[in-house]
Amino acid sequence: MKNFVITIVAMLTVVSFAHAQSCDEFVGANAGKNFVYVNNDAKGNEMGRVSYSAVKKDPSTITIHSEVTDKKGKQTGTADFDMNCTGSTIKVDMRSFIPAGSNKEFSNMEMVADGKYLVYPLNLKAGDKLDDGSMLITINNKGSKFGEMNIDITDRTVEQTETVNSAAGNFDCFRISYNILIKAKVMGIGIPVNMKVTEWYSPKLGRFVKSETYNKNGKFMGTTTLASVN
Numbered sequence: 000m001k002n003f004v005i006t007i008v009a010m011l012t013v014v015s016f017a018h019a020q021s022c023d024e025f026v027g028a029n030a031g032k033n034f035v036y037v038n039n040d041a042k043g044n045e046m047g048r049v050s051y052s053a054v055k056k057d058p059s060t061i062t063i064h065s066e067v068t069d070k071k072g073k074q075t076g077t078a079d080f081d082m083n084c085t086g087s088t089i090k091v092d093m094r095s096f097i098p099a100g101s102n103k104e105f106s107n108m109e110m111v112a113d114g115k116y117l118v119y120p121l122n123l124k125a126g127d128k129l130d131d132g133s134m135l136i137t138i139n140n141k142g143s144k145f146g147e148m149n150i151d152i153t154d155r156t157v158e159q160t161e162t163v164n165s166a167a168g169n170f171d172c173f174r175i176s177y178n179i180l181i182k183a184k185v186m187g188i189g190i191p192v193n194m195k196v197t198e199w200y201s202p203k204l205g206r207f208v209k210s211e212t213y214n215k216n217g218k219f220m221g222t223t224t225l226a227s228v229n
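0 is the number of the first residue of the sequence shown in numbering that gives the first Met the number 0; add one for each residue after it.
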């Protein structure tokens, strides 16, 4: 279960995309491109990578294919999901945060996810308070409930604009902070995890460039940074 929690945390800090001036700009900034992110621990050691390739599904929707690899370059999971632009917001299905086949610990079990969309306004500005996101994951083993996990994203706040320097270039970003609460329960044993995340979103790319994760006491845990765009 510990490894599964780590995987979910990694996906939560790399799946979110947001902020464009229009649906056309959002789709255009993503379709046909491949974005690679590097996950590093608190000491700066590379822990793995996630790549996202996007194709245009219709004028307001893109389909994302993600691939997760460990620090040795071995693929640990893939997933496909859609993201939709309503004209005023970008909607991200919370169920997309579960990478298919990403953890061998539950390879013979069924995971069923139920959650609302994580929503971003197209036109972000400093001081905005964004809607919460939540998801319930039920883990079934041979028809019987084995465990469950609740994921709540709260207190999403657009703090200010900053410039971020990365291997992929320099980007003007919005700094967004939020809290993550994960409540995992397996065979009656509960495992709560509280974290704080700060992300820097680029309007130009329609996605974040960098994120930092901290535990509930404010101790730095690691980063996810955009490494390349092609």
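Ideal Cβ placement from N, Cα and C applies to all residues, glycine included. Please read all numbers here as calculations on a predicted model, not as lab measurements.
Coarse secondary structure for residue i, derived from DSSP in three states
| i | result |
| --- | --- |
| Asp271 | The first residue shown for the chain is 0 and the last is 229, placing residue 271 beyond what the model contains. |
| Ala28 | helix |
| Asp23 | helix |
6 Å CB neighbourhood of residue i in its chain, flanking five on each side removed
| i | result |
| --- | --- |
| Leu135 | Asp113, Asn149 |
| Tyr51 | Phe34, Ile63, Ser65 |
Proximity to residue i [Cα-Cα], best of the options
| i | options | result |
| --- | --- | --- |
| His64 | Lys124, Ala125, Met82 | Met82 |
| Lys42 | Leu225, Ser21, Phe219, Thr224 | Phe219 |
| Lys55 | Asp130, Phe80, Thr160 | Phe80 |
| Lys203 | Ser210, Gly168, Asp40, Lys182 | Gly168 |
| Ala28 | Asn39, Cys84, Asp40, Ile190 | Cys84 |
| Lys124 | Glu24, Asn229, Cys22, Trp199 | Trp199 |
| Pro58 | Gly189, Ser21, Asp40, Lys71 | Ser21 |
Sequence-distant residues of its chain with Cβ nearer than 7 Å to residue i (five each side left out)
| i | result |
| --- | --- |
| Asp69 | Gly47, Thr75 |
| Ser101 | In this predicted model, Ser101 has a pLDDT of only 43, less than 50, meaning its place in the structure is not dependable enough to derive any value. |
Heavy atom of the ligand COA within 7 Å of residue i beta-carbon
| i | result |
| --- | --- |
| Thr222 | Looking for the ligand COA in the displayed structure turns up nothing, as the structure carries no ligands at all. |
With 16 other Cβ atoms within 10 Å as the buried cut-off, status of residue i
| i | result |
| --- | --- |
| Ile188 | exposed |
| Lys103 | Any answer about Lys103 is weak, because its pLDDT of 48 lies below 50 and its placement is not dependable; what the coordinates show is given next. Lys103 should be labelled exposed. |
| Lys209 | buried |
| Pro98 | Confidence at Pro98 is low in this model, with a pLDDT of 49, below 50, so its placement is unreliable and no value can be given for it. |
Open item on the list: Within 8 Å, do at least three Cβ pairs link the stretch 174-192 to the stretch 144-155?
Closed with: The stretch 144-155, when compared against the stretch 174-192, does touch it at the 8 Å Cβ threshold.
Task: Inter-stretch contact (C-beta, 8 Å, three-pair minimum) for the stretch 164-174 and the stretch 135-151 - done: Cβ pair count under 8 Å is below three, so no.
- [ ] Inspect the CB distances between the stretch 183-200 and the stretch 215-225 and report whether three or more fall short of 8 Å.
- [x] Judged by Cβ distances under 8 Å, the stretch 183-200 makes contact with the stretch 215-225, as three or more pairs qualify.
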